[in-house]
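Participant: End of the sequence shown sits at 353 in this note's numbering; the numbers just go up one at a time, nothing left out.
Below is the structure I would like to discuss, written out as structure tokens.
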Amino acid sequence: MKVMFIYLLLMSIAYIFAVILFMFIYLVIRKTLRNRRARKKVAYFFYIYPKVIEHIKVDGNPRLLEIRKRWKREVVANVLLEAVSTFKGREEIRRINQLCEEIGLTDELETKARDKKWWVAAEATRMAGQLKLERLTPILLQNMSSKHYDLWTSSARALSHMQQYRALIQFLFENEHKLQKWSIIRIIDMLKNLSDADVAYVIEKLKDASPFLQGLFIEILGKSRAQAALISIEDFLDSEDVETRVKALRAIASLQMTTRPEKVISFLESENWLERLNAILVIKSCHLKTGMRGIVPLLSDRQWWIRFRAAETLYSLGSSGIDKLKETRLIHEDRYAREMAERILYNHSN
Numbered sequence: 004m005k006v007m008f009i010y011l012l013l014m015s016i017a018y019i020f021a022v023i024l025f026m027f028i029y030l031v032i033r034k035t036l037r038n039r040r041a042r043k044k045v046a047y048f049f050y051i052y053p054k055v056i057e058h059i060k061v062d063g064n065p066r067l068l069e070i071r072k073r074w075k076r077e078v079v080a081n082v083l084l085e086a087v088s089t090f091k092g093r094e095e096i097r098r099i100n101q102l103c104e105e106i107g108l109t110d111e112l113e114t115k116a117r118d119k120k121w122w123v124a125a126e127a128t129r130m131a132g133q134l135k136l137e138r139l140t141p142i143l144l145q146n147m148s149s150k151h152y153d154l155w156t157s158s159a160r161a162l163s164h165m166q167q168y169r170a171l172i173q174f175l176f177e178n179e180h181k182l183q184k185w186s187i188i189r190i191i192d193m194l195k196n197l198s199d200a201d202v203a204y205v206i207e208k209l210k211d212a213s214p215f216l217q218g219l220f221i222e223i224l225g226k227s228r229a230q231a232a233l234i235s236i237e238d239f240l241d242s243e244d245v246e247t248r249v250k251a252l253r254a255i256a257s258l259q260m261t262t263r264p265e266k267v268i269s270f271l272e273s274e275n276w277l278e279r280l281n282a283i284l285v286i287k288s289c290h291l292k293t294g295m296r297g298i299v300p301l302l303s304d305r306q307w308w309i310r311f312r313a314a315e316t317l318y319s320l321g322s323s324g325i326d327k328l329k330e331t332r333l334i335h336e337d338r339y340a341r342e343m344a345e346r347i348l349y350n351h352s353n
């Protein structure tokens, strides 16, 4: 019995040792192969890098690169991701797209972008956006409807990288009722440097949108300094929605011009302090001296910020505005108005 116990114990030890030895050998071989593969990738990176860059610069023949294996395609993809941050010309982007097509990278990313695993699709979408692969635009628009945050945001960001703003704008107008407000805001923030065609499309669709979407697009048009949208923005000064009117005033201030100065000046008497404040900003940015008479009473407004902006605007309107501040400092019946006039005059005297 004792001999049998010792035998079983030795067999167990031998088995455990064999398992440990096998795992050790497996891990050593795996690490060796991984290191070897990594060295091959590094060597290939330095070999292929100048060839890819030369192709992008002078429109070489992508067929000469002879990239067939998947790991080589991964290396070239990394080279292209580095290159696309440097080469931004239309012709250079065309060559990058041409190379992606030739080595099969575009097809691979298209397949992955359709993958049911959202994380696989999101990564492929991210790369497609960075490489500006416009062929994948329809798939990216489909992924915009995904319930997975990372997938739809990466799709929207990819379209933004490609400057496919028209597609994003159209998506918002057609799907606003399906989207949460924070999702819409996130997409709107990705719209930068709208083209004249994009601005014209927004103007065409804007009147039929909800007040919420109207306000967001009005802000974007103002930030983009889209002067062609001025008249359309000014139309929203008559909106029944207070927030929309405020955003219209703010956008007009950004554009630094207005064709309706009397309407702007009328907001100085508004009961809403944001309308009064933004009317002041428009008067300052557009240098509307006709608004001076309406601004003077606001030096005693109950809102500190309005008193400050009113005094700053008077000073910006030149000698006549400065004289009003000096007069206020000396004889105005409201102590807060006198103090604000004194503050602004003192700030600009130093």
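In this text, a Cβ means the ideal position worked out from N, Cα and C, and glycines have one as well.
Since we're looking at a predicted model, the values are computed, not measured.
By the DSSP assignment, the alpha helix (DSSP H) with lysine 184 in it spans what residues?
Facilitator: Here residue 184 corresponds to residue number 181 of the sequence shown, with the count starting at 1. Element bounds for lysine 184: 184 to 191.
Participant: Does glutamine 259 come out as helix, strand or coil in the three-state DSSP assignment?
Facilitator: Against the sequence shown, residue 259 aligns to sequence position 256. Coil, per DSSP.
Participant: Name the two residues that bound the continuous alpha helix (DSSP H) containing alanine 229.
Facilitator: By one-based count along the sequence shown, residue 229 stands at place 226. No alpha helix (DSSP H) contains alanine 229, which DSSP labels as neither H nor E.
Participant: Under a three-way DSSP split, which group does histidine 335 fall into?
Facilitator: Reading the sequence shown from its first residue, position 332 is the one you call residue 335. Three-state result, histidine 335: coil.
Participant: Assuming alanine 86 and isoleucine 56 form a contact by the criterion Cβ under 8 Å, report the distance between their Cβ atoms to the nearest whole angstrom.
Facilitator: Along the sequence shown, read from residue 1 onward, the residue named residue 86 stands at position 83. Along the sequence shown, read from residue 1 onward, the residue named residue 56 stands at position 53. So it is a contact: roughly 6 Å between Cβ atoms.
Participant: DSSP on isoleucine 106, reduced to helix/strand/coil?
Facilitator: Residue mapping note: residue 106 aligns to position 103 of the sequence shown, counting from 1. Three-state DSSP puts isoleucine 106 in coil, outside helix and strand.
Participant: Cβ atoms of arginine 169 and aspartate 199: under 8 Å apart, would you say?
Facilitator: Here residue 199 is taken as the residue at index 196 of the sequence shown, counted from 1. Here residue 169 is taken as the residue at index 166 of the sequence shown, counted from 1. No. Outside cutoff.
Participant: Per DSSP, what kind of secondary structure is glutamate 126 in: helix, strand or coil?
Facilitator: In the sequence shown, the residue the question calls residue 126 occupies position 123. Reduced to three states, the DSSP call for glutamate 126 is helix.
Participant: Just the C-alpha distance for methionine 26 and asparagine 81, rounded to the nearest angstrom, thanks.
Facilitator: Here residue 26 corresponds to residue number 23 of the sequence shown, with the count starting at 1. Here residue 81 corresponds to residue number 78 of the sequence shown, with the count starting at 1. Computed Cα separation, rounded: 33 Å.
Participant: Excluding sequence positions up to five away, which residues of its chain have a Cβ less than 8 Å from the Cβ of phenylalanine 174?
Facilitator: Here residue 174 refers to the residue found at position 171 when the sequence shown is read from its first residue. Excluding sequence neighbours, phenylalanine 174 sits near Leu144, Met147 and Ile190.
Participant: Does DSSP put serine 352 in a helix, in a strand, or in coil?
Facilitator: Within the sequence shown, residue 352 is the residue found at index 349, counting from 1. In this structure, serine 352 counts as helix in the three-state DSSP scheme.
Participant: To the nearest angstrom, how far is it from the Cα of isoleucine 286 to the Cα of glycine 132?
Facilitator: Taking the first residue of the sequence shown as 1, we reach residue 286 at position 283. Taking the first residue of the sequence shown as 1, we reach residue 132 at position 129. Going by the C-alpha atoms only, they are around 42 Å apart.
Participant: Between which two residues does the alpha helix (DSSP H) carrying arginine 138 extend?
Facilitator: Counting from 1 along the sequence shown, the entry for residue 138 is found at position 135. Element bounds for arginine 138: n/a, residue is neither H nor E.
Participant: Short of 7 Å in beta carbon distance, which residues of its chain neighbour leucine 258, apart from the five on each side in sequence? Order them along the chain.
Facilitator: Reading the sequence shown from its first residue, position 255 is the one you call residue 258. Sequence-distant Cβ neighbours of leucine 258 in its own chain, meaning closer than 7 Å and more than five residues away, are Gly225, Arg228, Gln230 and Leu233.
Participant: For glutamate 243, does the three-state DSSP call read helix, strand or coil?
Facilitator: Position 240 of the sequence shown, counted from the start, is the residue given in the question as residue 243. The answer is coil: DSSP assigns glutamate 243 none of H, G, I, E or B.
Participant: What three-state label does DSSP hand lysine 75 in the structure shown?
Facilitator: On the sequence shown, residue 75 is found 72 positions in, with the first residue counted as 1. Helix.
Participant: With leucine 320 and methionine 343 assumed to form a contact (beta carbons below 8 Å), what rounded beta-carbon distance in angstroms separates them?
Facilitator: Here residue 320 corresponds to residue number 317 of the sequence shown, with the count starting at 1. Here residue 343 corresponds to residue number 340 of the sequence shown, with the count starting at 1. Contact between leucine 320 and methionine 343 is ruled out by a C-beta separation of about 16 Å, above the 8 Å threshold.
Participant: Note down the Cα distance separating lysine 43 from lysine 135, rounded to an integer number of angstroms.
Facilitator: The residue you call residue 43 lines up with position 40 of the sequence shown. The residue you call residue 135 lines up with position 132 of the sequence shown. Rounded to the nearest angstrom, the two C-alpha atoms are 28 Å apart.
Participant: Looking at the structure shown, is threonine 89 part of a helix, part of a strand, or coil, going by DSSP?
Facilitator: On the sequence shown, residue 89 is found 86 positions in, with the first residue counted as 1. Residue state, collapsed to three classes: coil.
Participant: Looking at the unbroken alpha helix (DSSP H) that takes in proline 264, where does it start and where does it end?
Facilitator: As a working mapping, residue 264 is identified with position 261 in the sequence shown. Run containing proline 264: 264 to 269, per the alpha helix (DSSP H) assignment.
Participant: Contact between the segment 119 to 128 and the segment 89 to 107 is defined here as three or more beta-carbon pairs at a separation below 8 Å; is this criterion met?
Facilitator: no
Participant: Using C-beta distances below 8 Å, list every residue in its chain close to methionine 260, excluding the 5 sequence neighbours before and after it, in chain order.
Facilitator: Stepping through the sequence shown from its first residue, residue 260 is reached at position 257. Closer than 8 Å at the Cβ level, and outside the excluded window around methionine 260, lie Gln230, Leu233 and Cys289.
Participant: Roughly how many angstroms separate the alpha carbons of phenylalanine 220 and alanine 212, rounded to a whole number?
Facilitator: As a position in the sequence shown, residue 220 is number 217, starting the count at 1. As a position in the sequence shown, residue 212 is number 209, starting the count at 1. Cα to Cα, phenylalanine 220 sits roughly 10 Å from alanine 212.
Participant: Kindly indicate which residue of Glu77, Trp122, Trp308 and Thr89 has the alpha-carbon position closest to the one of threonine 109.
Facilitator: Here residue 109 refers to the residue found at position 106 when the sequence shown is read from its first residue. Looking at the Cα atoms, Glu77 is the closest of the given residues.
Participant: What is the C-beta distance between tyrosine 318 and leucine 328, in whole angstroms, given that I count them as a contact (C-beta under 8 Å)?
Facilitator: One-based indexing of the sequence shown puts residue 318 at position 315. One-based indexing of the sequence shown puts residue 328 at position 325. Rounded, the Cβ-Cβ distance is 6 Å, consistent with contact.
Participant: Just to confirm, are arginine 279 and leucine 271 a CB contact at a threshold of 8 Å?
Facilitator: If you number the sequence shown from 1, residue 279 lands on position 276. If you number the sequence shown from 1, residue 271 lands on position 268. In this structure, leucine 271 lies closer than 8 Å to arginine 279 by Cβ.
Participant: Below 6 Å CB to CB, which residues in the same chain sit around histidine 151 once its five sequence neighbours on both sides are set aside?
Facilitator: Here residue 151 refers to the residue found at position 148 when the sequence shown is read from its first residue. Around histidine 151, the same chain offers Trp121 as residues with beta carbons nearer than 6 Å, after the five sequence neighbours per side are excluded.
Participant: If you reduce the DSSP assignment to three classes, tell me which class histidine 180 lands in.
Facilitator: Translated into positions along the sequence shown, residue 180 becomes position 177. Note: histidine 180 maps to helix in three-state DSSP.
Participant: Report the three-state DSSP secondary structure of glycine 324 (helix, strand or coil).
Facilitator: Within the sequence shown, residue 324 is the residue found at index 321, counting from 1. Correct three-state label for glycine 324: helix.
Participant: I believe leucine 83 touches isoleucine 99 by the beta-carbon criterion, under 8 Å. Please report the beta-carbon distance rounded to the nearest angstrom.
Facilitator: Here the question's residue 83 lines up with position 80 in the sequence shown. Here the question's residue 99 lines up with position 96 in the sequence shown. Their Cβ separation, rounded to whole angstroms, is 6 Å, which keeps leucine 83 and isoleucine 99 in contact under 8 Å.
Participant: Between which two residues does the alpha helix (DSSP H) harbouring aspartate 199 extend?
Facilitator: Counted from its first residue, the sequence shown places residue 199 at position 196. Taken as a continuous stretch (DSSP letters only), the alpha helix (DSSP H) holding aspartate 199 covers 199 to 209.
Participant: So is leucine 13 buried or exposed if we call it buried at 16+ other beta carbons inside 10 Å?
Facilitator: Within the sequence shown, numbered from 1, the residue matching residue 13 stands at position 10. So leucine 13 ends up on the exposed side.
Participant: Can you name the start and end residues of the alpha helix (DSSP H) that serine 158 belongs to?
Facilitator: Against the sequence shown, residue 158 aligns to sequence position 155. Unbroken alpha helix (DSSP H) run through serine 158: 152 to 164.
Participant: Tell me which same chain residues have a C-beta within less than 6 Å of the C-beta of arginine 332, skipping the five on either side of it?
Facilitator: On the sequence shown, position 329 is the one that residue 332 refers to. Only Arg341, Ala344 and Glu345 meet the Cβ criterion.
Participant: Can you give me the C-alpha to C-alpha distance between lysine 91 and histidine 164, rounded to a whole angstrom?
Facilitator: Locating residue 91 in the sequence shown gives position 88, counting from the first residue. Locating residue 164 in the sequence shown gives position 161, counting from the first residue. Straight-line Cα distance between these residues: approximately 11 Å.
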